[in-house]
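Trainee: Can you read through this structure? Questions will come right after.
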Amino acid sequence: MQTRTDLALERTEGLSPQAGIFIRHRGTAFRITEIEIDSDEHGAAIGKGMGRYLTLETAQLRHAVPQLRTQAAELADELRSFIPEGAVLAVGLGNAEITPDALGPLTAARILATRHLRRELADNEPDTDFLRALRPVSVLANGVLGQTGIETAELIAALRTPVEPACIIAVDALACSDLSRLGTTIQISDAGISPGSGVQNRRAELSRKTLGIPVIAVGVPTVVDLHTILRQGGGQPEQLPNMMVTPRDIDKLLHHAARLIALSLNLALHPQLSYEDAEAL
2 MQTRTDLALE RTEGLSPQAG IFIRHRGTAF RITEIEIDSD EHGAAIGKGM GRYLTLETAQ
62 LRHAVPQLRT QAAELADELR SFIPEGAVLA VGLGNAEITP DALGPLTAAR ILATRHLRRE
122 LADNEPDTDF LRALRPVSVL ANGVLGQTGI ETAELIAALR TPVEPACIIA VDALACSDLS
182 RLGTTIQISD AGISPGSGVQ NRRAELSRKT LGIPVIAVGV PTVVDLHTIL RQGGGQPEQL
242 PNMMVTPRDI DKLLHHAARL IALSLNLALH PQLSYEDAEA L
C-alpha cells in the first residue's frame, strides 16, 4: 500500500537512485533537500509530476525562535528562485475553520497585497514612489468547495484576465508519513498542487498545465495517517478505522509556520522591504 504523503522527499526515501530524479543537499538555517524530476514519466516512479521540489527541515518551526530573521532570509532566497518577474496572485488554500487545514488562510492574511496601490494612490502623496515600485500582488483566500460551491481552480481561472498574474503562489497544509516532519518541514514546488490529495479529498489541480502559468506550491505537513503511524510501530492498522492525526499544539504550530512563510514571501516579493518592515505587517 502506498504511503499517504505530499512530500516528494518521503517518496524518495529508501529507494535506489531513479533515472531522471536528481537529489541535492544544502542549507544553513534549514536542512534543504532539492529534488528535480525531469519528466512526468520519471516522476511516476514516485508518484510526483515533473518539476523542482525543495524540502526545508528545522526542528524549530514549532516555536517562536531567535533565528526567525535568518530563517526568513534563507526561505525568501529559495522562494525568489521560483518566482518569475511580474504580478503575483497568492492563494491561501484550505478551511480556516478546521485548524489543521488553516495554514493557507492564516498565511494569506499576512501577505502584503499591493496590486491596488498604483490605481489608488495620488501622485502627490508622500512615499508614493516607494509604494508604486512594489510588485503587484493580489491575495485570495476563498475557503473550500464545501463552503462556497466553487472550485479554487475555477476562481483563479476567472481572475486571470483582470489580475494578469505571472504566476500563482498557493499555500496549503500537507500530509506526511513521518511523525518527525509534522510541523517541522516546508515544501516548495513548481509542479503545482492538487488540494486535499494527501487526505484523499483531491480537488481540481492547480498547475501550469491547467492554468497556463507557473504555480508555486508552498506547504507544511500538519497531519499524518493513523495507519501509517501504526505500521511504523509494528501494529496492525487493518484492525482500526483510518483517520488523520494532528499534533495537539497544532494551533501554535500553524501560527508560527504562517508567520514565517508570509514574512518570507513578503521579503521575496518585495526586496525593497527591510526585515523590520516585513515583520511589522
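If you count by the working numbering, then the sequence shown holds residues 2 to 282, one letter each, in order.
Heads up, the beta-carbon is just placed ideally off N, CA and C, and yes, glycines get one too.
Are the Cβ atoms of His-43 and Ile-22 separated by less than 8 Å?
Mentor: Here residue 43 refers to the residue found at position 42 of the sequence shown. Here residue 22 refers to the residue found at position 21 of the sequence shown. Going by C-beta atoms, His-43 is nearer than 8 Å to Ile-22.
Trainee: Cα separation between Thr-186 and Gly-193?
Mentor: Start at 1 with the first residue of the sequence shown, and residue 186 comes out as number 185. Start at 1 with the first residue of the sequence shown, and residue 193 comes out as number 192. About 18 Å.
Trainee: Spatial neighbours of Glu-280 within its chain, please: C-beta separation below 7 Å, excluding the five flanking residues on both sides.
Mentor: Within the sequence shown, the letter at position 279 stands for residue 280. Counting only Cβ-Cβ distances below 7 Å, and skipping sequence neighbours, we find Leu-264.
Trainee: So for Val-172, helix, strand or coil by DSSP?
Mentor: On the sequence shown, residue 172 is found 171 positions in, with the first residue counted as 1. Strand at Val-172.
Trainee: Can you say whether Phe-31 is buried or exposed, counting buried as having 16 or more other CB atoms within 10 angstroms of its CB?
Mentor: The sequence position of residue 31 within the sequence shown is 30, counting from 1. So Phe-31 counts as buried.
Trainee: Rounding to the nearest angstrom, what Cα-Cα distance links Thr-115 and Pro-242 in this structure?
Mentor: Numbered from its first residue, the sequence shown carries residue 115 at position 114. Numbered from its first residue, the sequence shown carries residue 242 at position 241. Their Cα atoms are separated by approximately 47 Å.
Trainee: Using beta-carbon positions only, say whether Leu-90 and Pro-18 come within less than 8 Å of one another.
Mentor: Looking up residue 90 in the sequence shown gives position 89. Looking up residue 18 in the sequence shown gives position 17. It is not a contact, given that the beta carbons lie outside the stated cut-off.
Trainee: Tell me the rounded alpha-carbon separation between Asp-78 and Leu-212.
Mentor: In the sequence shown, residue 78 corresponds to position 77, counting from 1. In the sequence shown, residue 212 corresponds to position 211, counting from 1. Cα-Cα distance, rounded: 25 Å.
Trainee: State yes or no: is the beta carbon of Leu-175 nearer than 8 Å to at least one beta carbon in chain C?
Mentor: In the structure shown, chain C cannot be found, because there is only a single protein chain.
Trainee: Can you pull the DSSP bridge partners for Leu-207?
Mentor: Indexing the sequence shown from 1 puts residue 207 at position 206. Bridge partners of Leu-207: Ile-194.
Trainee: Which whole-angstrom value describes the C-beta separation of Val-145 and Ile-112, a residue pair presumed to lie in contact below a C-beta threshold of 8 Å?
Mentor: The residue labelled residue 145 in the question sits at position 144 within the sequence shown. The residue labelled residue 112 in the question sits at position 111 within the sequence shown. That pair is no contact at about 19 Å.
Trainee: So, are the CB atoms of Gly-105 and Leu-94 less than 8 Å apart?
Mentor: Sequence index remark: in the sequence shown, residue 105 carries index 104 (1-based). Sequence index remark: in the sequence shown, residue 94 carries index 93 (1-based). Contact flag set, yes.
Trainee: Are Leu-55 and Gln-188 close, meaning C-beta to C-beta below 8 Å?
Mentor: Your numbering for residue 55 matches position 54 in the sequence shown. Your numbering for residue 188 matches position 187 in the sequence shown. Yes; because the gap between Cβ atoms is below 8 Å, this pair is in contact.
Trainee: Whose C-alpha, out of Pro-272, Ala-103, Ile-157, Leu-266, is nearest the C-alpha of Leu-283?
Mentor: Past the boundaries of the shown model lies residue 283; the chain is included only from 2 to 282, so the question cannot be answered.
Trainee: With DSSP as the reference, label Glu-152 as helix, strand or coil.
Mentor: In the sequence shown, counting from the first residue as 1, residue 152 sits at position 151. In this structure, Glu-152 counts as coil in the three-state DSSP scheme.
Trainee: From Ile-214 to Ile-157, what distance separates their C-alpha atoms?
Mentor: Here residue 214 refers to the residue found at position 213 of the sequence shown. Here residue 157 refers to the residue found at position 156 of the sequence shown. The alpha-carbon atoms of Ile-214 and Ile-157 are separated by roughly 11 Å.
Trainee: Once DSSP output is grouped into helix, strand and coil, what is the label at Val-145?
Mentor: As a working note, residue 145 is residue 144 in the sequence shown. Note: Val-145 maps to coil in three-state DSSP.
Trainee: Indicate whether Pro-222 and Cys-177 have their beta-carbon atoms separated by less than 8 Å.
Mentor: Position 221 of the sequence shown holds residue 222. Position 176 of the sequence shown holds residue 177. A contact, by the Cβ cut-off of 8 Å.
Trainee: Just grab the DSSP bridge partners of Phe-23 for me.
Mentor: Translated into positions along the sequence shown, residue 23 becomes position 22. Phe-23 pairs with Glu-37.
Trainee: Are the CB atoms of Leu-227 and Met-244 nearer to each other than 8 Å?
Mentor: Residue mapping note: residue 227 aligns to position 226 of the sequence shown, counting from 1. Residue mapping note: residue 244 aligns to position 243 of the sequence shown, counting from 1. Taking 8 Å as the Cβ cut-off, Leu-227 and Met-244 qualify as a contacting pair.
Trainee: On a Cα-Cα basis, can you pick out the residue from Thr-100, Pro-196, Leu-76 that is closest to Leu-266?
Mentor: To locate residue 266, count along the sequence shown from 1; it is residue 265. Of Thr-100, Pro-196, Leu-76, the residue nearest in Cα terms is Leu-76.
Trainee: Where does Pro-222 fall in DSSP's three states?
Mentor: Position 221 of the sequence shown, counted from the start, is the residue given in the question as residue 222. Of the three classes helix, strand and coil, the one that applies to Pro-222 here is strand, per DSSP.
Trainee: Does Ile-169 pass the burial test, meaning 16 or more other C-beta atoms within 10 Å, or should it be called exposed?
Mentor: Position 168 of the sequence shown, counted from the first residue, corresponds to residue 169. Result: buried.
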